[in-house]
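Step one of this worksheet: look at the structure below.
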Amino acid sequence: MAWPFLADIGAQTPFFYIFREREFVYDLFIQAATGMRMMHNFFRIGGIAADLPYGWIDKCLDFCDYFLTEVVEYQKLITRNPIFLERVEGVGIIGGEEAINWGLSGPMLRASGIPWDLRKVDRYESYDEFEWEIQWQKQGDSLARYLVRLSEMTESIKIIQQALEGLPGGSL
1 MAWPFLADIG AQTPFFYIFR EREFVYDLFI QAATGMRMMH NFFRIGGIAA
51 DLPYGWIDKC LDFCDYFLTE VVEYQKLITR NPIFLERVEG VGIIGGEEAI
101 NWGLSGPMLR ASGIPWDLRK VDRYESYDEF EWEIQWQKQG DSLARYLVRL
151 SEMTESIKII QQALEGLPGG SL
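Residue numbering for the sequence shown follows the UniProt record's numbering, starting at 1 and increasing by one per position.
The following block contains the structure:
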């Protein structure tokens with residue numbers, strides 16, 4: 001989430017805002033759920049080590065709402081910034097055919113005009129149970145890759161919200 005390339009091109013302020021969100025995620029999703037910040041060893045063969053703490057799902061849903069508003073702020077700070085646009089628009093163009101030939105996948109492939117996502121195409125895990133769209137761009141440049149990653153943040157929040165709302169209640 002904290003894109004190092006923002007700092008590389010001189011966008012220090014948004015980089016640190018995004019870093020703040022990363023810390024919220026660590027605190028909420030990792031430390032609050034597992035009790036440990038590092039080496040949490042939460043997942044086990046056949047499931048998880050313990051049930052989620054009381055109120056954790058509500059905190060996650062609150063974070064999702066908060067984060068969606070932050071993405072709007074990122075768009076204001078970064079996406080519409082003329083200096084940022086000058087440094088990424090039309091830079092490092094990778095066309096769809098090149099992306100396929102080079103074996104690119106994920107956001108790199110989708111930013112090159114190929115709307116392909118394993119989660120949709122192969123009905124990966126439980127992703128077909130949620131409503132979401134493949135995020136992609138046609139331009140193939142650094143801006144397109146940034147835009148795909150930015151839009152994937154909001155799309156991921158939609159998936160997380162649906163998953164949390166569908167979790168069954170009761171003990172583990």
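Yeah, the Cβ is synthetic: ideal placement off N, Cα and C, and Gly gets one too.
Classification of residue i by the beta-carbon crowding that lies within 10 angstroms, buried from 16 upward
| i | result |
| --- | --- |
| Ser171 | exposed |
| Gln12 | exposed |
| residue 174 | As shown, the chain starts at 1 and ends at 172. That puts residue 174 outside it, with no answer to give. |
| Tyr146 | buried |
| Thr34 | buried |
| Pro107 | buried |
| Asp50 | What sits at residue 50 in the sequence shown is Ala, not Asp. Classification for Ala50: exposed. |
Reference residue i, options the options, closest by Cα
| i | options | result |
| --- | --- | --- |
| Val91 | Asp141, Ser151, Ile159 | Asp141 |
| Ile157 | Asp65, Met36, Ala50 | Asp65 |
| Gly113 | Ile93, Arg123, Lys120, Arg119 | Ile93 |
| Glu89 | Ile30, Leu150, Gln139, Asp62 | Gln139 |
| Met38 | Glu23, Gly47, Leu77 | Glu23 |
Straight-line Cα distance separating residue j from residue i
| i | j | result |
| --- | --- | --- |
| Ile137 | Leu143 | Before going on, a small fix: residue 137 reads as Gln here, not Ile. Cα to Cα, the separation comes out at about 9 Å. |
| Arg20 | Gln75 | 16 Å |
| Phe84 | Asp117 | 28 Å |
| Met153 | Leu52 | 24 Å |
| Asp27 | Phe67 | 14 Å |
| Asn101 | Lys59 | 43 Å |
| Val71 | Lys120 | 24 Å |
| Ala99 | Tyr54 | 45 Å |
| Met1 | Ile18 | Because Met1 carries a pLDDT of 41, less than 50, the predicted location of this residue cannot be relied on, and the following value inherits that uncertainty. Looking at the two C-alpha atoms, the distance is approximately 7 Å. |
| Ile134 | Ile57 | 26 Å |
| Pro82 | Arg123 | 39 Å |
| Pro115 | Gly95 | 13 Å |
| Gly103 | Glu97 | 10 Å |
| Phe15 | Phe43 | 30 Å |
| Gly47 | Asn41 | 11 Å |
| Phe29 | Leu167 | 15 Å |
Any C-beta of chain D under 9 Å from that of residue i
| i | result |
| --- | --- |
| Gly169 | In the displayed structure, chain D is absent; only one protein chain is listed. |
Check whether the segment 153-167 and the segment 125-134 touch, using three or more Cβ-Cβ pairs below 8 Å as the test. Touching, yes, given that three or more Cβ pairs across the two stretches are closer than 8 Å.
Which runs of the beta strand (DSSP E), 3 residues or longer, sit entirely within the segment 24-58? Every candidate beta strand (DSSP E) stretch fails here, since none sits fully inside the segment 24-58 while reaching 3 residues.
In the segment 93-153, which residue ranges form an unbroken alpha helix (DSSP H) of at least 4 residues, counting only runs that do not cross its ends? Segments of the alpha helix (DSSP H) lying fully in the segment 93-153: 96-101, 106-110, 118-121.
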